[in-house]
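First the structure, in the form of structure tokens, and then the observations on it.
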Amino acid sequence: MAYASYQDLIEAFDEQLIIQMSDDNGDGVADAAVIDQAIASADAEIDASIGTRFAVPLNPVPRLAVRFSCALAVAWLYTRRGVDKPASVLDAERAARDMLKRIAAGQATWGEPVAAAPDTSELDVRTSSATRVFDRGRLTGF
């Protein structure tokens, strides 16, 4: 499940900007595959940033995760085009990454309940082995 949608992107940023950055065939319509790839890239970055502290993918999705996904997806669209990002996009991208670092470090929260990553340090490990075929008594003299 993606953290953001096309609708979220156009609510966070100008729709014409989104179309301009994703319209590969020049028909004046945003390319859904490009938008999906941008959001998937943003979501992967979010998951990688917080995956040691929270169960990912986040479910339910916190509002901040939607905002961060939008900011990182739009930044990805600019990078993909190879054009300079406007200050508003750079600021949103920086703010998202900074806050993700703080959340991952436990210095900030999502502002709403999110499932923690399972604690793997206390796993119960059990081993067993078959009886020995050759013991000291059977190997005497060899």
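In terms of this note's numbering, the sequence shown has 28 at position 11, counting the first letter as 1, and numbering is strictly consecutive. Just so you know, even glycine gets a beta-carbon here, dropped at the ideal spot from N, CA and C.
Residue i: buried (16+ other C-beta within 10 angstroms of its C-beta) or exposed?
i    : result
V78  : buried
V100 : exposed
A49  : exposed
M18  : exposed
S39  : buried
A90  : buried
E110 : buried
S86  : buried
A47  : buried
Could you tell me which residues DSSP pairs with residue i in its beta bridges?
i   : result
F71 : A133
Does any CB atom of chain D fall closer than 7 Å to the CB of residue i?
i    : result
D101 : Absent here is chain D; the protein component of the structure consists of one chain.
Tell me the rounded alpha-carbon separation between residue i and residue j.
i    : j    : result
A113 : D41  : 27 Å
K102 : A55  : 15 Å
I63  : R98  : 22 Å
A61  : Y20  : 10 Å
S58  : A88  : 11 Å
S66  : L117 : 6 Å
N76  : R119 : 20 Å
S146 : T157 : 23 Å
E32  : Q24  : 9 Å
A160 : G45  : With the chain running from 18 to 159 in the structure shown, residue 160 is simply not present.
For the ligand GTP, is there a heavy atom less than 6 Å away from the beta-carbon of residue i?
i   : result
I35 : Of the ligands one can find in the structure shown there are none, so the ligand GTP has no counterpart to examine.
Q: Let me know the alpha helix (DSSP H) ranges lying completely inside the segment 18-101, each 4 residues or longer, listed in chain order.
A: Under the rule that a run must span 4 or more residues, the alpha helix (DSSP H) segments found entirely inside the segment 18-101 read 23-29, 32-39, 49-67 and 80-98.
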